[in-house]
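Residue numbers (my numbering): 39 to 371. In what follows, a structure is listed as structure tokens, so that the remarks can point back to it.
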Ligand code: SAM
Ligand code: SF4
């Protein structure tokens, strides 16, 4: 379906939890209040939203969080979404800590690809950024996914004075392995507001100096706004998600569903369309098909409202205009 600016919206990011087994300093430092479990959508409710979305042409879903793999049954949810008529793709964004444990089950349920967030290859720095000593498990799960032929993308957020100098070693993961390494600009959302954004172009210039043969890759690698490059001799690609400095809004193709059942038209603004109240109307609990169909219609109408209220562009460059006050862990990235 198209939004008010003629953009085709066919991708939904679905957060299934606001819990996480890491505490990345720019996303979920200690002390964030968690939502009571009864406020979080059940898998059946999520599937109902996805069914309505698929009927409207939104056919690609990314499961995110918090950390999606801390929620029991995440692989089964993948299977539920893959079973919906019209669904083209279900992928997952994870910190990788539990990926090795669930990989078989995720693949059996039809997972199409995985993004793993990894900001450093140094064990001590990993602990500094995430609060935990889990680099080993994350690396193993990445290698195991690559070894199983899964499409893997590594997402790295570079932070000034912390891991910015690791652009080269992180990019090096794509030399040895057939995976994409993507550098994401730190966005001024939640604790990210306190951080300085390192421009993607700066990293690109450094890569160009180091690898003069680097070439733009015009093929589409995924659902998102990343721009890709190929380096001769590298097994995988290098991507840039210039969320702040690149104006990619004219090609925006997505909406978000938060764990609490809010449809979010744009990352920058707090405005949401609530679907949980529709999903939890008393008649949903009854067996009456006619009433259930009315609920499905209302969910479709809510998705249309969210899509049509997408703004033309984000406002990361004018910080006073950012109205989103939640943390990224509560939104899903
Ligand atoms: N736990 C999963 C993970 O880490 O991939 C999924 C949720 S996490 C919120 C999704 C992505 O958002 C991660 O790659 C994380 O690095 C990124 N992220 C969090 N806060 C951010 C910020 N302020 N700017 C840019 N990316 C951010
Ligand atoms: Fe957890 Fe992912 Fe946020 Fe890190 S980035 S705290 S892993 S949700």
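Backbone N, C-alpha and C define an ideal beta-carbon position, used for all residues, glycine too.
Item to complete: In the DSSP assignment, find the unbroken alpha helix (DSSP H) run with residue 102 in it and report its ends.
Response: Element bounds for residue 102: not the alpha helix (DSSP H) but the beta strand (DSSP E), 98-102.
Discussion item. I want to know whether the region 116-124 touches the region 148-159 - three or more CB-CB distances under 8 Å.
Written reply: yes
Discussion item. Restricting to Cα atoms, I'd like to know which of 51, 360, 236 and 223 is closest to residue 198.
Written reply: 236
Worksheet entry | Cβ-based burial, residue 115 [other Cβ within 10 Å; buried from 16] | buried
Practice prompt. Please find out if some non-hydrogen atom of the ligand SF4 comes closer than 8 Å to the beta-carbon of residue 225.
Written response: no
Practice prompt. Just confirm the distance between the C-beta atoms of residue 345 and residue 293, as a whole number of angstroms; I'd bet it's less than 8 Å.
Written response: 6 Å
Worksheet item: Counting Cβ pairs, one atom from each stretch, are 3 or more of them under 8 Å apart for the region 217-227 and the region 189-204?
Response: yes
Practice prompt. Just list the alpha helix (DSSP H) runs in the region 170-257, keeping only unbroken ones of 4 residues or longer that don't cross its boundaries, in chain order.
Written response: 173-185, 205-214 and 238-248
Fill in: Among 364, 96, 278 and 182, the one whose alpha carbon lies nearest that of residue 152
182
Fill in: Contact the region 346-353 vs the region 278-290: 3+ CB pairs below 8 Å
yes
Worksheet item: Would you call the CB atoms of residue 111 and residue 176 closer than 9 Å?
Response: no
Fill in: For residue 201, the nearest candidate out of 161, 178, 189 and 231 (CA to CA)
161
Worksheet item: Which parts of the region 246-317 are runs of the alpha helix (DSSP H), unbroken and 4 residues or longer, counting only runs that do not cross its ends?
Response: 314-317
Discussion item. Pull the bridge partners of residue 372 from the DSSP assignment, please.
Written reply: Residue numbering for the chain in the displayed model covers 39 to 371; residue 372 lies beyond these limits and cannot be assessed.
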